[in-house]
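Everything on this sheet refers to the single structure shown next.
Number of protein chains: 2
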Amino acid sequence: MSAAADQVTLTEAELRDLGTRSFQGLGLTLKDAQDACAILLLADLFGLSTHGFSRMESYGERLQIKGIQARPNIRVEQVAAAMVKVDGDNAVGPLVGMRALEAATVVARKCGVGVALARGSNHFGPVSPYSYIAAQAGFASIIGSNSSTSITPWGGTDARLGNSPVGFAVPNPGGAHFMLDMAISVAARAKIRNALKRGQSIPDTWATDKHGRATTDPAQALDGFLLPIGGHKGYGLALLVDLFAGVLSGAAYLTHVTSWIDEPELPQNLGHFFILLDTSVLGSTQWLAERMCDFAAILHGSPPADSSKPVLVPGEIEFAKMAHQRQHGIKIDLELHARLQRYAGRVKPDAQGPTNG
Amino acid sequence: MSAAADQVTLTEAELRDLGTRSFQGLGLTLKDAQDACAILLLADLFGLSTHGFSRMESYGERLQIKGIQARPNIRVEQVAAAMVKVDGDNAVGPLVGMRALEAATVVARKCGVGVALARGSNHFGPVSPYSYIAAQAGFASIIGSNSSTSITPWGGTDARLGNSPVGFAVPNPGGAHFMLDMAISVAARAKIRNALKRGQSIPDTWATDKHGRATTDPAQALDGFLLPIGGHKGYGLALLVDLFAGVLSGAAYLTHVTSWIDEPELPQNLGHFFILLDTSVLGSTQWLAERMCDFAAILHGSPPADSSKPVLVPGEIEFAKMAHQRQHGIKIDLELHARLQRYAGRVKPDAQGPTNG
Chain A
24 MSAAADQVTL
34 TEAELRDLGT
44 RSFQGLGLTL
54 KDAQDACAIL
64 LLADLFGLST
74 HGFSRMESYG
84 ERLQIKGIQA
94 RPNIRVEQVA
104 AAMVKVDGDN
114 AVGPLVGMRA
124 LEAATVVARK
134 CGVGVALARG
144 SNHFGPVSPY
154 SYIAAQAGFA
164 SIIGSNSSTS
174 ITPWGGTDAR
184 LGNSPVGFAV
194 PNPGGAHFML
204 DMAISVAARA
214 KIRNALKRGQ
224 SIPDTWATDK
234 HGRATTDPAQ
244 ALDGFLLPIG
254 GHKGYGLALL
264 VDLFAGVLSG
274 AAYLTHVTSW
284 IDEPELPQNL
294 GHFFILLDTS
304 VLGSTQWLAE
314 RMCDFAAILH
324 GSPPADSSKP
334 VLVPGEIEFA
344 KMAHQRQHGI
354 KIDLELHARL
364 QRYAGRVKPD
374 AQGPTNG
Chain B
24 MSAAADQVTL
34 TEAELRDLGT
44 RSFQGLGLTL
54 KDAQDACAIL
64 LLADLFGLST
74 HGFSRMESYG
84 ERLQIKGIQA
94 RPNIRVEQVA
104 AAMVKVDGDN
114 AVGPLVGMRA
124 LEAATVVARK
134 CGVGVALARG
144 SNHFGPVSPY
154 SYIAAQAGFA
164 SIIGSNSSTS
174 ITPWGGTDAR
184 LGNSPVGFAV
194 PNPGGAHFML
204 DMAISVAARA
214 KIRNALKRGQ
224 SIPDTWATDK
234 HGRATTDPAQ
244 ALDGFLLPIG
254 GHKGYGLALL
264 VDLFAGVLSG
274 AAYLTHVTSW
284 IDEPELPQNL
294 GHFFILLDTS
304 VLGSTQWLAE
314 RMCDFAAILH
324 GSPPADSSKP
334 VLVPGEIEFA
344 KMAHQRQHGI
354 KIDLELHARL
364 QRYAGRVKPD
374 AQGPTNG
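Taken in order, these protein sequences are the chains called A and B. At position 101 of the first sequence the residue is numbered 124 (my numbering), and the sequence of numbers has no breaks. At position 156 of the second sequence the residue is numbered 179 (my numbering), and the sequence of numbers has no breaks.
Below, the structure is given as structure tokens:
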């Protein structure tokens, strides 16, 4: 472990160990802590630090006030040969996500396709860790979650849908998996906050004011609503994610989803969906590797408009970041590190053995 | 049949009959003609006239020069309990699409989920007719097709991917199905052509010039490339559609797809994918109807930014258009009508009986 200004640098093994013990300190069993930790660790490895261990602040607070259950009874119900429903019993989101992903994997291995629809969950981290785990096992995937409301219906004036994340992946046995993980807004609120700090205007495609009118003023935008990509197209995509993750799963949806910020003590009843396709039934790994590598090569072959920015395929940034951090360590804010240590410090000395695989 | 300026108005039954006989005149069997016609008819009923019978011009030309096979041997191969591959044998696209949709429906009814991956196809029309047929039978769906290249990779400077259509639907047994059918570009080329005609500039988010640089000049845009929604997000979505429809199906993908405009005599080897979820295994139709109607009501309840434009749910425009045209007839350009009559006129008098169901 080496230190920088207001950050510490941990190896992957150190962060896995600390993260697992943190979840244990918050009351999870060793196995559940390991599984939830795996998602946040991948998020930080991919460079998605806003969706990695930084989320332990809200997860920890909600676990401590019983807004999230530390010892849930997660149930998997098989409703058809290729489809399962998962009741997360208000467990921590990445744990429900992992259980649902595992359940989808089991049926997809049998049927070629597998779908898991989860309800009774909470914020489950970013999508790409799940997509990555699925791709490593040979599954192409479409995975999404609903979320608390922050976006207006297209042409509306109040927040009635979430900036729901959705991710898509196709395994490449011969290189980097194709991996796309996106929210539906044109820009994140953080980018608008940064523009405000710098005294800059923003493009009128990013957000509306509180009356639902497009604005270039970051202050009015922060008081208003994020705009979806492609206008009515992004609005429709966000709805689709909520329909699969919320309506079909039996979870809450749209304004029925409670806010973890305003009401952290309440179950959110978030929903997720996992659609997996087993690529091994379609052809050999060599067949798939050749096609995926050719696919990437065609895209890379397009001369860039800006010669300093070669064309990328989604997933490449995350893979490069992971390779770099596995070699050079993962930087964590000191404050977050102290929080994780505080949570981990609660683990009783007689807790189950080593957590670090 | 009543007439207006340069259009004729047909009833649904008249257009179905004429469309079916047109396909028969181009060499298709009665059953195949009926199935291909069903897709184009729904397209026109939904008001998607650019993707309805207007496509008979190119379909007809390609069928006549054997660029598309009139009497194909479409094969369905079951590769897993819930997954089939379909070889379209270079049939007309809507016919391959219908056969693949049927095959996906059969496995989805058995397994709760069904996937069909089709190759050896051609332009299959818009997505929403397939989504609608699936939704009428109780299936939620994700359906897409790849297409010939018209979009540059994000940051690139030449056309290497298609403006691929993708559609999503969730059935509402108590009202209009949720139905989203979209291409990945911010704007259609037709809108840029209209701006040029009117001497107007276009937003710099619509297209690039031929060097891959954003432009507000419609002339330069028409010489350049369409931009995807949400920048790298839409680029990623377009790739995902091509990966599922092209790479996984065994079809052509990216620059391997031949252009029906430049090389109409060649098979395109387009691919499509159909992912169906049987909602009947998730709950009763009453349960689903209540949730879907509540979902729509929440969205409709958002006060509109412009009081003349109430908030809509994707699919409502198409349903309203269909209801209107079923009552008042479908308007068809005179030139198209003459073309359909020309094709239909080739049907031998002893061809199989009545085509109008």
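Glycine included, C-beta positions come from ideal geometry on N, C-alpha and C.
Assignment of beta-bridge partners to Gln350 of chain B by DSSP yields no partner. Under the DSSP assignment, Arg122 of chain A falls in the alpha helix (DSSP H) whose first and last residues are 116–134. Listed along chain B, the residues sitting closer than 7 Å to Ile252 of chain A by beta-carbon distance are Ile252, Gly253, Lys256, Gly257. Residue environment analysis places Thr238 of chain B among the buried positions, since at least 16 neighbouring C-beta atoms fall within 10 angstroms of its C-beta. Taking the CA atoms as reference points, Gly190 of chain B sits about 48 Å from Arg365 of chain A.
Separation of the CB atoms of Phe76 of chain B and Gly42 of chain B is rounded to 6 Å, and the pair is thereby assigned contact status at 8 Å.
Burial of Ser144 of chain B is indicated by the presence of at least 16 other C-beta atoms within 10 angstroms of its C-beta.
DSSP lists no beta-bridge partner residue for Pro226 of chain B.
Annotated as distal: Gly179 of chain B and Pro337 of chain A, with beta-carbon spacing of 8 Å or more. Counting only residues of its own chain and dropping the five nearest sequence neighbours on each side, Val304 of chain A has a CB closer than 7 Å to the CB of Gly135. The segment 100–110 of chain B and the segment 75–92 of chain B do not touch, with fewer than three beta-carbon pairs separated by less than 8 Å.
Looking at B:Ile88, B:Ser330, B:Leu266, B:Ala210, the one whose alpha-carbon comes closest to that of Pro290 of chain B is B:Ile88. Residues Thr175 of the same chain have their beta carbon placed closer than 7 Å to that of Asp181 of chain B, with the five preceding and five following residues left out of the count.
Setting aside the 5 residues that flank it on each side, Ser164 of chain B is surrounded in the same chain by Ser154, Ala157, Ala192, Leu299, each with a C-beta closer than 6 Å to its C-beta; the list follows chain order. With a cut-off of 8 Å on Cβ pairs, the segment 308–318 of chain B is in contact with the segment 270–279 of chain A, counting three or more such pairs. Interface criterion met: the Cβ of His234 of chain B is under 8 Å from a Cβ in chain A. Every unbroken stretch of the alpha helix (DSSP H) spanning 4 or more residues and falling wholly within the segment 181–260 of chain B is given here in chain order: 212–221, 241–245. In the structure shown, Gln101 of chain A adopts extended strand secondary structure according to DSSP, grouped into three states.
Nearest to Gln30 of chain A by alpha-carbon distance, out of A:Ile353, A:Leu203, A:Thr231, A:Ala367, is A:Ile353. By the neighbour-count criterion, in which a residue is buried when 16 or more other Cβ atoms sit within 10 angstroms of its Cβ, Ile62 of chain B is buried. Taking CB atoms only, Gly143 of chain B has no neighbour in chain A less than 8 Å away.
For His360 of chain A, DSSP assigns no beta-bridge partner whatsoever. Under a criterion of Cβ atoms nearer than 8 Å, the residues of chain B adjacent to Val138 of chain A are, in order, Gly135, Val136, Leu300. Counting only the Cα atoms, Thr302 of chain A lies some 15 Å from Val138 of chain A. The continuous alpha helix (DSSP H) containing Ser154 of chain A extends over residues 151–159. For Ala199 of chain A, the CB contacts under 6 Å within the same chain, skipping 5 residues up- and downstream, are Gly338, Glu339, Phe342 in chain order. A Cβ-Cβ distance of about 5 Å is found for the pair Ala244 of chain B and Ile215 of chain B, placing them in contact under the 8 Å criterion. No Cβ-Cβ contact shorter than 8 Å links Ala211 of chain A with Pro117 of chain A. The three-state secondary structure of Ile88 of chain A, taken from DSSP, is coil. Taken through DSSP and simplified to helix, strand or coil, Ile340 of chain A comes out as helix.
When A:His295, A:Ser272, A:Leu322, A:Trp310 are compared, the shortest CA-CA separation from Trp310 of chain B is found for A:Ser272.
Under the DSSP assignment, Phe318 of chain A falls in the alpha helix (DSSP H) whose first and last residues are 308–323.
When 9 Å is used as the limit between beta carbons, Ala163 of chain A is near these residues of chain B: Leu266, Phe267, Leu271, in chain order. The residue from B:Arg236, B:Gly254, B:Pro226 with its alpha-carbon nearest to that of Asp246 of chain B is B:Arg236. The Cβ-Cβ distance between Pro152 of chain B and Gly167 of chain B does not fall below 8 Å. Looking at the backbone, the Cα of Ala367 of chain B and that of Lys54 of chain B are separated by about 15 Å.
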